[in-house]
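In the UniProt record's numbering, the protein residues as written are 38 to 271. Each residue gets a CB set at the ideal place from its N, CA and C atoms; glycine is no exception. All remarks here apply to the structure that follows.
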Ligand code: BTN
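Structural data, given as structure tokens:
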């Protein structure tokens, strides 16, 4: 409720646009989708490139005040997976996987605005519709067409957006804990041998009540809150 929906033919990045608006004082709730992005951004300074029609790219911008932000990307991924397909798994903390291949990514950014404690959240989502070229990627990506042939970007957006808005609102009031069982049911990393960017190695063991990644290591259990995770080949 109360969301403006905008579709841009071409824009640099839907995340960049909503961050610019927030910094300029426009913090109204909005969903901005783009048919094409000229400078789509991924996490860790990576780019998100896609030909028009090959992916669904949009951002949700809204004022948000959860007590703890850490589980937001998990809740967003879970909502997308649930509204798209039972076979989609979640790779902590930001990716959707199909059979171990990346299907979608999430980039969350926030801007503060007065009064002091309020923050504007920009939740950016890119979902591959067609399977992208694997050139230069260590693992080949997946496309939603493998699960839902013929689904257009517009139809995919209409399907994911209403539950997504509801999930983000529920997260704001209740936090991550209520989502934890459903996340764990789709946890792609459970039982896999993992290597974290801080050097930790161990086996995926679910997520904590605030959305940290639980890992069994040789020296005992660890809870990871911010690190990159890669799966070690078996
Ligand atoms: C990642 O996998 O690293 C996150 C990718 C996020 C891409 C989406 S596309 C819509 C929104 N606008 C951007 O510039 N990035 C996000």
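(request) Report, in whole angstroms, the separation of the C-beta atoms of residue 116 and residue 200, which I expect to be a contact under 8 Å. (result) 5 Å
(message) Quick check on residue 226: does DSSP put it in helix, strand or coil?
(response) coil
(request) Return yes when at least one heavy atom of ligand 1 lies under 7 Å from the C-beta of residue 83, else no. (result) yes
(request) Can you tell me which of the three DSSP states residue 213 falls into? (result) coil
(message) By the DSSP assignment, the beta strand (DSSP E) with residue 265 in it spans what residues?
(response) Per DSSP, residue 265 belongs to no beta strand (DSSP E) and is neither H nor E.
(request) Alpha carbon to alpha carbon, how far is residue 249 from residue 259? Give it in angstroms, no decimals. (result) 9 Å
(message) Please give me, in chain order, every unbroken run of the beta strand (DSSP E) with length at least 3 that falls completely inside the stretch 149–206.
(response) 156–165
(message) Beta-carbon within less than 7 Å of residue 287's beta-carbon, same chain only, minus the 5 sequence neighbours each way: which residues are those?
(response) Past the boundaries of the shown model lies residue 287; the chain is included only from 38 to 271, so the question cannot be answered.
(message) Please list the terminal residues of the continuous beta strand (DSSP E) segment that includes residue 39.
(response) Unbroken run through residue 39: none, as it is neither H nor E.
(message) Suppose contacts are defined by Cβ-Cβ distances below 8 Å. Is residue 161 in contact with residue 51 by that definition?
(response) yes
(message) Can you tell me where the beta strand (DSSP E) holding residue 127 begins and where it ends?
(response) 126–128
(message) If I measure Cβ to Cβ from residue 183 and keep anything under 8 Å in the same chain, skipping five residues before and after, which residues do I get?
(response) 135 and 168
(request) May I have the straight-line CA-CA distance separating residue 93 from residue 121, to the nearest angstrom? (result) 13 Å
(request) Helix, strand or coil for residue 256, going by three-state DSSP, please let me know. (result) coil
(request) Determine which residues share a DSSP beta bridge with residue 239 and list them. (result) 231
(request) Under 8 Å by Cβ, that's how I've got residue 254 and residue 236 pegged, so tell me the actual separation to the nearest angstrom. (result) Incorrect: roughly 10 Å between the Cβ atoms, too far for contact.
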